[in-house]
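So for the sequence shown, this note's numbering puts the first residue at 72; every next one is plus one.
Note sheet for the following structure.
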Amino acid sequence: MFEMVSFMLAGIILYFVSDEILNRIEIHRGKRLKNRSVIFFVIILSLSMTAFALLDNFIK
């Protein structure tokens with residue numbers, strides 16, 4: 072049960088962090104990106120692979 076809650080909370084946090092990273096990239100560029108959803112997916116995928124691997128090692 073603890074593992075399930077931990078991974079769910081990590082996923083929620085990663086969603087907001089990824090959104091913030093994407094917003095900062097767009098602010099830095101000065102305009103919206105064309106393939107915003109693809110870039111968001113790449114950001115959240117890379118963060119989640121790292122975070123979930125670390126969380127898995129921490130829990131076990």
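Ideal Cβ positions, reconstructed from N, Cα and C, are used throughout, including at glycine.
In this text the structure is predicted, and so the values were computed from the model without any measurement.
Query raised in the report: Is the beta carbon of L118 sitting closer than 8 Å to the one on I110?
Result: Not in contact: L118 and I110 (Cβ atoms no closer than 8 Å).
Query raised in the report: In terms of residue numbering, what span does the alpha helix (DSSP H) encompassing L125 cover?
Result: Here the alpha helix (DSSP H) through L125 covers 107-130.
Query raised in the report: Taking L93 as the reference, which of A124, V76, R107, K131 has the closest Cα?
Result: Across the set A124, V76, R107, K131, the C-alpha of R107 shows the shortest separation from the C-alpha of L93.
Requested in this report: Give the single residue among D127, A122, K131 whose Cα lies nearest to the Cα of V88.
Outcome: Taking V88 as reference, the option from D127, A122, K131 with the minimal CA-CA separation is A122.
Query raised in the report: Taking the alpha helix (DSSP H) that L80 falls in, what are its first and last residues?
Result: Following the DSSP letters along the chain, one finds L80 inside the alpha helix (DSSP H) bounded by residues 73-100.
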